[in-house]
Amino acid sequence: MQTVVIYDSKFGNTERIAEAIARGAARFGDVRVMSTADAAGVAGPLEQPDLLLLGGPTQKRGPSPAMRAFIDALPGALRGIPAASFDTRYRGPLFLMGSAAAGVAKVLAKSGAHPVVPPESFFMERGGRMERQQLEPGEVERAEQWGGAVAAAAARQKGVSDASH
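Counted the way the numbering used here counts, the sequence shown spans residues 544 to 708.
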């Protein structure tokens, strides 16, 4: 199974989450991880992956400008491709905090992708300058578990077995 994880990250926290998700998904096949900037220049991996995972930081209650530009340019070739979205954000009620993952999930659905699981958020600690803020303890491990669970769900849909067994 070919999985593509595409992320936007300004200070590195969402990149850490994307890499953890990729480690979890790797039990089910090959995984390619790339930033939105790298992915925008490479059409091939987005044409027919078996699973597409997109994520970025929540900014102004939605996707970051780089993620928004990337998802707005998604091709219609995503029809039927299993997909899921994730974000990094502060912990709090969704109606107050917003979620980049929810916004990305809507665009994926409009592009014809098939949602595998609901959007997922990974949480940041508050306090201090933005560039020094870190993920809450345990979020990287949770991201790895989530990546494995999403890949397992997509593999079940495609009839692919766990590569580690």
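We treat Cβ as the ideally placed atom computed from N, Cα and C, and that holds for glycine.
Bear in mind the structure is a predicted one, so any value in this text is a computation, not a measurement.
By the C-beta criterion, the region 666-676 is judged not to be in contact with the region 604-611, since fewer than 3 inter-stretch pairs fall below 8 Å. The Cβ atoms of E562 and S578 lie no closer than 9 Å to each other.
Shortest Cα-Cα distance from A645 to any of E684, I614, V574 involves I614. Looking at the backbone, the Cα of S642 and that of D630 are separated by about 7 Å. Membership of Q700 in the alpha helix (DSSP H) is indicated by the continuous run 682-701.
In the pairwise beta carbon analysis, the region 677-691 is classified as not touching the region 648-655: fewer than three pairs are separated by under 8 Å.
F638 counts as exposed, since fewer than 16 other beta carbons sit within 10 angstroms of its beta carbon. The Cβ-Cβ distance between M667 and L651 does not fall below 9 Å. Minimum Cα-Cα distance from G670 among the listed residues Q700, V660, Y633 corresponds to Y633. When the alpha-carbon of G599 is set against those of I564, R699, A568, the nearest one is in I564. Here G598 is bridged, per DSSP, to Y550, F629. In its chain, beyond the 5 residues on either side, S654, G655, A656 have a beta carbon closer than 8 Å to the beta carbon of R622. For D615, the uninterrupted alpha helix (DSSP H) run begins and ends at 608-615, by DSSP.
When DSSP states are grouped into helix, strand and coil, D573 belongs to the strand group. Residue state for M673 is assigned as helix, using DSSP reduced to three classes.
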